Structures are given as structure tokens and as C-alpha cells.
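In this note's numbering, the protein residues as written are 10 to 342.
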């Protein structure tokens, strides 16, 4: 089984015949191309056209991240599974306001229901915080009831924004003082929790993008987020469902089990990022999470978290083709 490959240091990718090497001041190592699913580059990376060509032929995308761990772009191999019929249906659903609105609402619904799952878990397990968490849960439930009354995508996103604010406020009840969110900040993230959220969300976006590449869906046609030029906005749509399922649960584990220390962060309050040590810890947990399996209630067999993403994309494709109505993944475990 192929897995993701992470490059955290600056260096050069070189190709010699059918072998790709990573070179830097510490030496060189071989990239096991036949075992790599996607490459995540967090350092400054140089490479030749020969490397790009070889990785593309191998169907391996490279995702690039900047100094703060934010997604910068991808080298995306040529589509090999493209379906003209599906692309036509995908575009038609975007152009039809009713069909687009249905899908946008489902993405928000899935995201918010999964946020509630996280809060309900901690409301049960943390007796000292139960009352406050229950109050936040009730507020989110009220906001979710407003979704059917919205008429436009911006109205839906306003509801989702309010829900996310309530959700982060609830998480602050759980987190220790040094990890409180206070308010969501992005570029740059202003404190430890914002740094972890931004790092994880960028990872989630690229993981979904890699999964889209292995389906017949077009990553540039989306429904909740506007399909602007130069971005794979369908990844943003589907990521909304999985951020509470994967990213938030990883962060909760890292913080609650004291797996991070001062050496995992660099910078000051107001301008903070993960150190190489912090990235390694986060990426190890992220990789482990994607490989973790659960019993699928529909398939009646174990599937990994990464496979859940692919299955979600297949469900979306079936909806677009008129085979089955799309319902978002909501955690049952």
C-alpha cells in the first residue's frame, strides 16, 4: 500500500534513470516512488523537469507549503480518470442554483454535525465542563435549524461561520490556557491553537485533493466555495466535513495528552508557527489517523479514515449522476 511522503527540510530532488533522490547538506536518500501516494514539501525544494515528468507519470502529486505551513500549490499529474459525462453533470449542478444550494447545505450540515459529535463526547467525559458545553451545543443546534431558511450560499456560510465561532468558544472550555483559541486568526496564526488548526486544515485540503485525483471528479468545480481560478475549490468543500473528524480530533489528542511542548513552536504570540519537531509530531499523528480503521456501518467491513474520504467522493459522484441522493458523512462512532 502506498503512503504519503513528507519532506520537512530544504533540498533538491534529482532523478537518475528510474530513481529519485532527495539531496541536502545532510546527504541524500532515495524516495521509494512505488510506495509513495503523495509528496508533502514543507521545505524549499528544487527539482528538474525530469523529476516532475517521472512523478507525473507515476501519478504522484506534490503539495507545497510555505514558511507557516500554509498550502501554496500543487504539481498535479495529468488526469487519467477523467469522465466527460461526470464533468458535464458536475458543471450543471453548479449552474443550477437549487442543485448547488442542496450540495452546499449538505457540506455545512456534515461539518456542523461532526462538530457537535466532538462537543457531545467531551460533554459526557468532562463533568466539570458539561454544563457550559451543553449550552454551546444548544446554541449550535439552534443555528443548524436556521439552515433550511437560507436562500443563498453567502447566507449559508454566515450560519456556518456563527456555528464555527460557537464551536471554537466551546473548545476553549476544554483547552488549557496556553492553547485557548480566543479568536480564529490565520495569516499569520497568532497563537498555538491557531497554528495547529491552520497546519491541520492545510493538510486536510491536500489530502482531499489527492483523493479527488483518484476519482473522475473535477477538483475545480465546487458548490459551497466559489470555484475561482487557480484553486481546487472542491477540496475546500469536502474538507469541511472531515476537519472536525480528523484534524480537530488530532489536535484534541495532542493537547489533552500533553504531546507538545515549547520546543514544538517557533515565534511569538501574534506570529507563531510549528517548529520541525512540532511538524514531525503532528504529521506522525495525522498519518496514523488516516491509516486507522473503523467498522463501516454500510459496507460492514473495516475502512481507513483516508478511505472514508474516497467513499465520500464516490457518494458525491453518484449524486451528480442521479444515481443516489448525497448525504454527508456524520460520525457514528
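Beta carbons: idealized from backbone N, C-alpha and C, even for Gly.
Bear in mind that the values here come from a model prediction, so they are computed numbers and not experimental data.
{"Query": "Same chain, Cβ closer than 7 Å to residue 244, neighbours up to 5 away in sequence not counted", "Result": "214, 217, 218, 221, 228"}
{"Query": "Where residue 295 falls, given that 16 or more other Cβ within 10 Å makes a residue buried", "Result": "buried"}
{"Query": "Proximity below 7 Å, CB of residue 299 to CB of residue 113", "Result": "no"}
{"Query": "N- and C-terminal bounds of the alpha helix (DSSP H) containing residue 143", "Result": "139 to 155"}
{"Query": "Beta-carbon proximity of residue 13 to residue 47, cut-off 7 Å", "Result": "yes"}
{"Query": "Cβ distance (whole Å) where residue 29 is taken to contact residue 61 below 8 Å", "Result": "Actually they are not in contact, since the Cβ atoms of residue 29 and residue 61 sit about 10 Å apart, beyond 8 Å."}
{"Query": "Beta-carbon proximity check, residue 342 vs residue 303, cutoff 7 Å", "Result": "yes"}
{"Query": "Pairwise C-alpha distance: residue 147 and residue 133", "Result": "15 Å"}
{"Query": "Three-pair Cβ contact test at 8 Å for the segment 23 to 37 versus the segment 305 to 313", "Result": "no"}
{"Query": "Length of the line joining the Cα atoms of residue 273 and residue 286", "Result": "5 Å"}
{"Query": "Spatial neighbours of residue 330 in its chain, beta-carbon cut-off 6 Å, leaving aside the 5 residues before and after", "Result": "98"}
{"Query": "Helix, strand or coil at residue 281 [DSSP, three-state]", "Result": "strand"}
{"Query": "For residue 241, the nearest candidate out of 250, 254, 226 (CA to CA)", "Result": "226"}
{"Query": "Of the residues 202, 94, 333, the one placed nearest residue 263, counting alpha carbons only", "Result": "202"}
{"Query": "Contact check, residue 77 vs residue 292, beta carbons under 7 Å", "Result": "no"}
{"Query": "Bridge-paired residues (DSSP) for residue 22", "Result": "31, 56"}
{"Query": "Buried versus exposed, by CB contacts within 10 Å (16 or more), residue 50", "Result": "buried"}
{"Query": "Cβ neighbour criterion (16 or more within 10 Å) applied to residue 106", "Result": "exposed"}
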